[in-house]
Ligand code: NDP
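Numbering (the numbering used here), first residue to last: 88 to 562.
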């Protein structure tokens, strides 16, 4: 992640000739070129079971009051058959298809046709046209950052409907949750398949494509780095942020409305989940320009992992706490509620400040203050696919001196707070913290592997200086 001005003079660059074909020679960073059997087995497992897992969780709430064990016990004891469960599952409906089509269309319009206005009046907000990081082929893409605006417009429309127009019930999402799951799956598979075909036949930038020759790996992890339609419709930015993350807060609001409808009140646990997850979502959109420098945009290619994951996994499994609270309205004691709020806010503070420190450090090329002092860092270099040498810096002070991924630690604290808000009666709400712990630990290892191949011995010097990954003194 280096701003173009960080490139040193041209005599320092070593040029290689890169054919303008679909497959370039080696890239020294980015996703893998070769697939080991473990990665392949994991990918096939995920392709087969991730959609089933998403279905199982929502079905167990719909049919078994959010018990994850009861469906299995019933099946094992012969009290129910798979076909019984399937027969009770709501099918795809025209109503759900209409709602989903309208939803995606609204988000496409807000993303592709409404340039950002928010940065003109919100002090400190970075929106409008922004540059991404240097790609492995040495390109710098431009992005229209207008996610905050899309989020605000969507939520204004939601509240205007709930309190004034009454076109539809605020419980509409909950009421159509399983039919909408089928729609989300259709979009997830269509977009991932389209991205694969596009990667082979009409890639946006052939030099940034990666082909392992393994169909499953390429489908899952993607071929194209930054697939686009036209100049501005960027698949990664659109699918990562909208429709999934804009929907996240609306889904929670719909759950709160359902609690109100069923029990005549909204519990403090539901409010906590709405507030903490609302802060996380707003933070994401407020910092969307920063997001261009995260692993999702800087390093991951666009395949099923991002396409299907953003359409199905994120909206369905990141919102399980709210769904659970519709079936089990937990009213927390004041001390517990305050404790959970503090855990969530401290976690958020660590998450935000750590991310901000790196962003500030990289934006100013180290000419900034971290905790009132000049930051300490390690100088490092790497090479893009065309042989150009770039220079970068790895910060070793602030939270980045405590651990190499302290931002993940903050994220895990917030995630735990959402789960604790649901009490301890069922395991289902705790899926999120278990999943995040696996995701972020795996991500940490994946990122470090990539950084090592990018920076080589400079990365070794960095890990010697900052020896821990997530928890200083422990891991
Ligand atoms: P980071 O923001 O930590 O980015 C890692 C990259 O930062 C590295 O690849 C490297 O990139 C650079 N880097 C590493 N160490 C340093 C250093 N010491 N100084 C300067 N730069 C450094 O990771 P992510 O993109 O994974 O995460 C961003 C945020 O998003 C995190 O807070 C995470 O918790 C959150 N997240 C949330 C998810 C969710 O589902 N809720 C999923 C994933 C992430 P370079 O090549 O430029 O050097």
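Ideal placement from N, C-alpha and C gives every residue a C-beta, glycine not left out.
Should residue i be labelled buried (16 or more other beta-carbon atoms within 10 Å of its own) or exposed?
i           : result
residue 123 : exposed
residue 501 : buried
residue 321 : buried
residue 481 : buried
residue 351 : exposed
residue 113 : The predicted position of residue 113 is uncertain, since its pLDDT is 36 and thus under 50; a value taken from the coordinates is nonetheless stated next. When all chains shown are included, residue 113 counts as exposed.
residue 279 : buried
residue 560 : exposed
residue 448 : buried
residue 537 : buried
residue 457 : buried
residue 172 : buried
residue 554 : exposed
residue 396 : buried
residue 251 : exposed
residue 286 : buried
residue 181 : exposed
residue 159 : exposed
residue 557 : buried
residue 141 : buried
residue 521 : exposed
residue 203 : buried
residue 435 : buried
residue 325 : buried
Give a yes or no on whether the C-beta atoms belonging to residue i and residue j are separated by under 8 Å.
i           : j           : result
residue 176 : residue 135 : no
residue 214 : residue 235 : yes
residue 444 : residue 487 : yes
residue 153 : residue 515 : yes
residue 412 : residue 357 : yes
residue 73  : residue 472 : What is shown of the chain runs 88 to 562, which leaves residue 73 out entirely.
residue 408 : residue 360 : yes
residue 191 : residue 274 : yes
residue 261 : residue 342 : yes
residue 58  : residue 483 : In the structure as shown, the chain starts at 88 and stops at 562, and residue 58 therefore has no counterpart that could be examined.
residue 446 : residue 541 : no
residue 269 : residue 163 : no
residue 375 : residue 232 : yes
residue 417 : residue 354 : yes
residue 144 : residue 518 : yes
residue 365 : residue 336 : yes
residue 307 : residue 130 : yes
residue 578 : residue 228 : This structure cannot settle anything about residue 578, because the visible part of the chain is limited to 88 through 562.
residue 498 : residue 438 : yes
residue 477 : residue 466 : no
residue 303 : residue 127 : yes
residue 292 : residue 226 : yes
residue 415 : residue 529 : no
Kindly list the residues whose CB is nearer than 6 Å to the CB of residue i, restricted to its own chain and excluding five residues on each side of it in sequence; keep chain order.
i           : result
residue 150 : 175
residue 323 : 384, 389
residue 494 : 438, 441, 442
Just to confirm my understanding: we take residue i, look at its own chain, exclude 5 residues before and 5 after, and list those with CB closer than 7 Å. What are they?
i           : result
residue 363 : 431, 501, 504, 505
residue 237 : 194, 197, 198, 329, 333
residue 462 : 448, 453, 455, 482, 484, 485
residue 406 : 335, 338, 339
residue 345 : 258, 261, 413
residue 108 : For residue 108, the pLDDT reaches just 32, beneath the cut-off of 50, and the residue's location in the model is therefore unreliable, although a value from the coordinates is still provided. Here the set comprises 293.
residue 433 : 500
residue 161 : 167
residue 370 : 439
CB-CB under 8 Å to residue i, same chain, minus the five flanking residues each way: which ones, in chain order?
i           : result
residue 550 : 491, 535
residue 271 : 187, 398, 399, 402, 403
residue 259 : 186, 341
residue 183 : 263, 266, 267, 269, 270
residue 205 : 212, 214, 233, 235, 236, 239
residue 282 : 309, 310, 311, 314, 322, 389, 390, 394
residue 255 : 248
Assuming the contact rule is C-beta atoms closer than 8 Å, residue i and residue j should be a hit. Round their C-beta distance to whole Å, please.
i           : j           : result
residue 393 : residue 317 : Actually they do not touch by this definition, with Cβ atoms about 20 Å apart.
residue 631 : residue 427 : Outside the displayed span of the chain (88 to 562) sits residue 631, for which this structure offers no information.
residue 410 : residue 148 : 6 Å
- prompt: In chain order, which continuous runs of the alpha helix (DSSP H) of length 4 or greater are located wholly inside the region 486–517?
  reply: 486–489, 493–507
- prompt: Which ranges does the beta strand (DSSP E) cover as unbroken runs of at least 3 residues, wholly within the region 411–498, from first to last along the chain?
  reply: 464–470, 476–482
query: Hey, which unbroken runs of the beta strand (DSSP E) at 3 residues or more fall wholly within the region 310–338?
result: none
field: Continuous beta strand (DSSP E) assignments of at least 3 residues falling wholly in the region 240–304
entry: none
query: For the region 130–199, which segments carrying the alpha helix (DSSP H) assignment without a break, of at least 4 residues, lie completely within its bounds, in sequence order?
result: 157–164, 169–175, 181–199
- request: Run through the region 360–409 for me and flag every whole alpha helix (DSSP H) of 4 or more residues, listed as ranges in chain order.
  value: 375–378, 382–385, 391–395, 401–404
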